[in-house]
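Structure record follows, encoded as structure tokens.
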Amino acid sequence: LIEHKCYELLKQLDGYYILCSQKTNIYYKDINESTLCSLNLKKFDITNIREEIIMYYKNILKNCYEEFIFNLKKVDIILDGCNISYHNHRNLDYKYIIKILKHALQKYKNPLFIIHKRHLKSKCNNIKILKTKYKKYLYTTPYNVYDDYFLILGMIYNNIPVITNDIFRDHVFDMFKLFDTKNNRIKNYISE
97 LIEHKCYELL
107 KQLDGYYILC
117 SQKTNIYYKD
127 INESTLCSLN
137 LKKFDITNIR
147 EEIIMYYKNI
157 LKNCYEEFIF
167 NLKKVDIILD
177 GCNISYHNHR
187 NLDYKYIIKI
197 LKHALQKYKN
207 PLFIIHKRHL
217 KSKCNNIKIL
227 KTKYKKYLYT
237 TPYNVYDDYF
247 LILGMIYNNI
257 PVITNDIFRD
267 HVFDMFKLFD
277 TKNNRIKNYI
287 SE
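Listed below in structure tokens is the structure:
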């Protein structure tokens, strides 16, 4: 749309989640200043249903909720511990988790590495390092609770990114049932 100068059509996309291959909206020099302002699309917003979603997860997490919210203070990015671990024939390979956490620490002040309790039983060296040297960045989720709940709640509660390969398809579908008129906003917010 930018390449073909469809600026009026671009304005109609305001408020929608868009992946753009261009580095910036200021691609053509012949666009006047007032048009440039209208080309900057808004970040997808779920402010008006944020509290409903938080209450939904508060009811699911019950006893874990308050502790998790306490751990979210100042967190500026969440890392999906299990998901970013390499799956090798249904086994987790933790060889990259310390590198990923170190990389996150270069770009963010307070990452939170969320991993399920059962995965911390591994005797591999990187898990030992994670549990000792990086313990303050670690949050372990309890048995019988999906770690995805914590990822989505943290993302929405603090309005922060999550490093994951997960697209949360099942969880988005569950929210579709609860927030049927707002479901695309939730899906696009999570995708973003």
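Just remember that our numbering sits 96 ahead of the position in the sequence shown, which is counted from 1.
Glycine included, C-beta positions come from ideal geometry on N, C-alpha and C.
Everything numeric in this text was worked out from a predicted model, so none of it was measured.
task: Note down the Cα distance separating K231 from I194, rounded to an integer number of angstroms.
output: If you number the sequence shown from 1, residue 231 lands on position 135. If you number the sequence shown from 1, residue 194 lands on position 98. Spanning the two alpha carbons is a distance of roughly 12 Å.
query: Taking the beta strand (DSSP E) that H212 falls in, what are its first and last residues?
result: Numbered from its first residue, the sequence shown carries residue 212 at position 116. 207-212 is the span of the beta strand (DSSP E), which, as asked, contains H212.
V171 versus E163 - alpha carbon distance: If you number the sequence shown from 1, residue 171 lands on position 75. If you number the sequence shown from 1, residue 163 lands on position 67. If I take the Cα positions, the gap works out to 14 Å.
- request: Could you spell out the range, first to last residue, of the beta strand (DSSP E) harbouring T143?
  value: Reading the sequence shown from its first residue, position 47 is the one you call residue 143. That residue, T143, is in no beta strand (DSSP E); its alpha helix (DSSP H) goes 143-157.
message: Does the stretch 234-246 come into contact with the stretch 200-214, if we say contact requires no fewer than three beta-carbon pairs (one atom in each stretch) closer than 8 Å?
response: yes
query: With distances taken from CA atoms, which of L105, I142, T260, D244 is nearest L157?
result: On the sequence shown, residue 157 is found 61 positions in, with the first residue counted as 1. When each option's Cα is compared against that of L157, the closest is D244.
message: Please classify N128 as buried or exposed, where buried requires at least 16 other C-beta atoms within 10 Å of its C-beta.
response: For the purposes of this step, residue 128 is taken as the residue at position 32 of the sequence shown. Confidence in N128 is poor, its pLDDT being 46 and thus under 50, which makes the residue's placement unreliable; the coordinate value appears in the next sentence. It counts as exposed.
query: Which word fits Y192, buried or exposed, when buried means at least 16 other C-beta atoms lie within 10 angstroms of its C-beta?
result: Along the sequence shown, one-based indexing puts residue 192 at 96. So Y192 counts as exposed.
message: Within 8 Å of any Cβ in chain B, is that where the Cβ of I174 sits?
response: The structure shown has no chain B; it contains just one protein chain.
message: Using 8 Å as the threshold, is the C-beta distance between V258 and D176 below it?
response: As a first step, residue 258 must be located in the sequence shown, where it is residue number 162. As a first step, residue 176 must be located in the sequence shown, where it is residue number 80. Yes. Within cutoff.
- request: Taking 8 Å as the cut-off, decide whether the C-beta atoms of I286 and I150 are in contact.
  value: Residue mapping note: residue 286 aligns to position 190 of the sequence shown, counting from 1. Residue mapping note: residue 150 aligns to position 54 of the sequence shown, counting from 1. Not closer than 8 Å, so no.
field: Separation of I256 from L274, as counted between CA atoms
entry: For the purposes of this step, residue 274 is taken as the residue at position 178 of the sequence shown. For the purposes of this step, residue 256 is taken as the residue at position 160 of the sequence shown. If I take the Cα positions, the gap works out to 23 Å.
field: As assigned by DSSP and simplified to three states, the class of I174
entry: Working through the sequence shown from its first residue, we reach residue 174 at position 78. Note: I174 maps to strand in three-state DSSP.
message: Quick check on this structure: which residue in R281, H100, M271, F209 has the alpha carbon closest to the alpha carbon of L247?
response: Here residue 247 corresponds to residue number 151 of the sequence shown, with the count starting at 1. Per the Cα distances, F209.
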